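My numbering numbers the first residue of the sequence shown as 4 and each following residue consecutively.
Just so you know, even glycine gets a beta-carbon here, dropped at the ideal spot from N, CA and C.
Please read all numbers here as calculations on a predicted model, not as lab measurements.
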Amino acid sequence: MARDRLIALAAASVVVVGLAGCGDDPARLDGPSAEREIAAAVAAEVEPEVAAVRCPDEIPLGRGEEVECDVELADGAGTLPVVARQRDERGSLDVELRRAVLSDAEVADALRAALRDGFGRSFQVDCGDRGPTVREAGAQVTCRARDATSRRSVEVTIDGADGGLSYQLVDP
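The following block contains the structure:
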């Protein structure tokens, strides 16, 4: 279940129509409208709520044009970089998340499933209590995993914006 949500993060995409030429310059995308639509797209894919979106003041209009924006998430979850790519000359956008947004509970669920699949038995896993947080590729979370016979520390590494995870035991 958590893995499905993690994979869905990378696929965040929305079509935003009607943003072309809405401002003073018909050759530019309407920035405030684009920011609102980017906020809506991100809010549909991640928690917590979007607090603010910051995009460059001038966004050229045109198929294939890209703009990098920062989405500030509420509750101290961090800043999520996104790329909005124009699909056509009307300003329709695809929004791509550049980092994963994961809670410690989601990391624990994914580790628990990987351990169960790898060892064929159940484990208790504790990765902390941080809520949804922007996590860049290479970020690590230290978890404690135990079964009926042992306790181990496990370093969980965020592999990319899709929320893919890799695991390494760090003590005997």
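Provide the residue span of the alpha helix (DSSP H) that contains residue i, from first to last.
{"i": "residue 55", "result": "Not the alpha helix (DSSP H): residue 55 falls in the beta strand (DSSP E), residues 53 to 57."}
Can you tell which of the options has its C-alpha closest to the C-alpha of residue i?
{"i": "residue 110", "options": "128, 96, 94 and 121", "result": "128"}
{"i": "residue 31", "options": "89, 171 and 139", "result": "89"}
{"i": "residue 136", "options": "108, 68 and 60", "result": "108"}
{"i": "residue 66", "options": "97, 153, 49 and 79", "result": "97"}
Would you identify the three-state DSSP class for residue i, choosing helix, strand or coil?
{"i": "residue 124", "result": "coil"}
{"i": "residue 24", "result": "Low confidence applies to residue 24: its pLDDT is 47, below 50, so where it sits in the model is not reliable, and the reading given next is rough at best. Coil."}
{"i": "residue 10", "result": "With a pLDDT of only 39 at residue 10, under the threshold of 50, the placement of this residue in the model should not be trusted, and no figure is reported."}
{"i": "residue 41", "result": "helix"}
{"i": "residue 164", "result": "coil"}
{"i": "residue 148", "result": "strand"}
Looking at the ligand MN, does it come within less than 8 Å of residue i, judged from the CB to the closest heavy atom?
{"i": "residue 82", "result": "Judged by which ligands are present, the structure shown has none, so any question about the ligand MN falls away."}
What residue range is occupied by the uninterrupted beta strand (DSSP E) comprising residue i?
{"i": "residue 32", "result": "Counting along the chain, residue 32 falls outside any beta strand (DSSP E), and DSSP gives it neither H nor E."}
{"i": "residue 71", "result": "69 to 76"}
Within 10 Å of its beta-carbon, does residue i have 16 or more other beta-carbons around it, so buried, or fewer, so exposed?
{"i": "residue 121", "result": "exposed"}
{"i": "residue 114", "result": "buried"}
{"i": "residue 106", "result": "buried"}
{"i": "residue 173", "result": "exposed"}
Just list the beta strand (DSSP E) runs in the region 85 to 146, keeping only unbroken ones of 3 residues or longer that don't cross its boundaries, in chain order.
-> If one requires a minimum length of 3 residues, the beta strand (DSSP E) runs lying completely within the region 85 to 146 are 96 to 100, 103 to 105, 127 to 129 and 136 to 138, in chain order.
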